[in-house]
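Asks: In the working numbering, the protein residues as written are 1 to 226.
Here a beta-carbon is modelled for each residue, glycine too, at the ideal position from N, C-alpha and C.
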Ligand SMILES: C[S@@+](CC[C@H](N)C(=O)[O-])C[C@H]1O[C@@H](n2cnc3c(N)ncnc32)[C@H](O)[C@@H]1O
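(1) Use the C-beta contact count for residue 94: other C-beta atoms within 10 angstroms, 16 or more gives buried, fewer gives exposed.
(2) Could you pull the DSSP bridge partners for residue 81 from this structure?
(3) Could you check what DSSP says for residue 187 in three-state terms: helix, strand or coil?
(4) Which of helix, strand or coil does DSSP assign to residue 215?
(5) Does residue 141 pass the burial test, meaning 16 or more other C-beta atoms within 10 Å, or should it be called exposed?
(6) With H, G and I counted as helix, E and B as strand and the rest as coil, what does DSSP make of residue 140?
(7) With a threshold of 16 other CB atoms inside 10 Å of the CB of residue 115, please say whether the residue is buried or exposed.
(8) Mind checking residue 107: buried by the 16 CB within 10 Å criterion, or exposed?
(9) Distance, Cα to Cα, residue 222 vs residue 132?
(10) With burial defined as no fewer than 16 other Cβ atoms inside 10 Å of the residue's Cβ, what is the status of residue 205: buried or exposed?
(11) In whole angstroms, give me the CA-to-CA distance for residue 6 and residue 42.
(12) Identify, in the order they occur along the chain, each residue of the same chain with its Cβ nearer than 7 angstroms to the Cβ of residue 164, setting aside the five sequence neighbours on each side.
(13) Taking residue 110 as part of the alpha helix (DSSP H), name the residues at either end of that continuous run.
(14) Kindly list the residues whose CB is nearer than 6 angstroms to the CB of residue 208, restricted to its own chain and excluding five residues on each side of it in sequence; keep chain order.
(15) Would a C-beta distance cut-off of 8 angstroms place residue 113 and residue 81 closer than the cut-off?
(16) Report all residues from its chain with a CB closer than 6 angstroms to the CB of residue 182; omit the five preceding and five following residues, and keep chain order.
(17) Let me know the secondary structure DSSP gives residue 224 once reduced to three states.
(18) Just reading off the alpha helix (DSSP H) that residue 165 is part of, what are its end residues?
(19) Going along the chain, which residues put their C-beta within less than 5 angstroms of some heavy atom in ligand 1?
Below, the structure is given as structure tokens:
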């Protein structure tokens, strides 16, 4: 693709060969470098998260990553834990080479009690109906199966500003967000038949570009569906 000034400055070496002038996009290498830097950051962040999640999974767990995005977290868990993964998202495709299904964002296209573990990494606040999505996750989990949730928390006015900024960036793609505090999420999980196995506040500085308060839950599916 040609870009403004770059086109004006570009070499017209094609004319020397007697053909059409050939324009050289001088910004293309810079764009390639930027794309590579973004992908490296995504892959490295996903590796750190996968390392954190791995101890909460049984070996070779049947694992569903809901809202998998790039799919790199699930992809790393195949290597780290032998997980048999499936990713679902509302997006058209995923980047990592994992089995992937696109769905409409409400009803998970799987039978009851299919998975040993489910991930919801920074996804619930994007869902149009988080209560329904958590109930769906509980339905597809085996009794005793685990749900790992990462969420942003609107605690201080600065957090609320960051949540507002995040919503503004995503609104056109996935609609308005629902940010709850820790007690709010606990109530949603409890109503769906999920008990809290572990909960931990995370450092704001794990993502210096978005230093919002964060929480990580590990939940367990209680014996029978509520
Ligand atoms: C902030 S990204 C997180 C991606 C990935 N989980 C990660 O941590 O790298 C949020 C993802 O949730 C997806 N999403 C939004 N609404 C969803 C829904 N109702 N069900 C599943 N995924 C959804 C978006 O398409 C996006 O890929």
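Replies: If we stick to the structure as given:
(1) Counting every other CB atom within 10 Å of its CB across the protein chains shown gives residue 94 a total of 16 or more, marking it as buried.
(2) DSSP lists no partner for residue 81.
(3) Residue 187: helix per DSSP, three-state reduction.
(4) Reduced to three states, the DSSP call for residue 215 is strand.
(5) Counting Cβ neighbours within 10 Å, residue 141 comes out buried, since at least 16 surround it.
(6) In the three-state reduction of the DSSP assignment, residue 140 falls in the helix class.
(7) Residue 115 comes out buried.
(8) Flag for residue 107 reads exposed.
(9) Taking the straight line from one Cα to the other gives about 17 angstroms.
(10) By the neighbour-count rule (16 or more Cβ atoms within 10 Å), residue 205 is not buried but exposed.
(11) Its pLDDT being 40, under 50, residue 6 is placed unreliably in this model, and the coordinates cannot settle the point.
(12) Answer for residue 164: no residue qualifies.
(13) Premise fails: residue 110 is in no alpha helix (DSSP H) and is neither H nor E.
(14) Non-local beta-carbon contacts of residue 208 in its own chain, meaning distances under 6 angstroms to residues more than five positions away in sequence, are absent.
(15) No.
(16) The answer, listed in chain order, is 215.
(17) Coil, per DSSP.
(18) Unbroken alpha helix (DSSP H) run through residue 165: 157 to 174.
(19) Around ligand 1, the residues whose beta-carbon falls short of 5 angstroms from at least one of its heavy atoms are 67, 69, 89, 90, 91, 105, 121, 122, 123, 126, 127 and 174, given in chain order.
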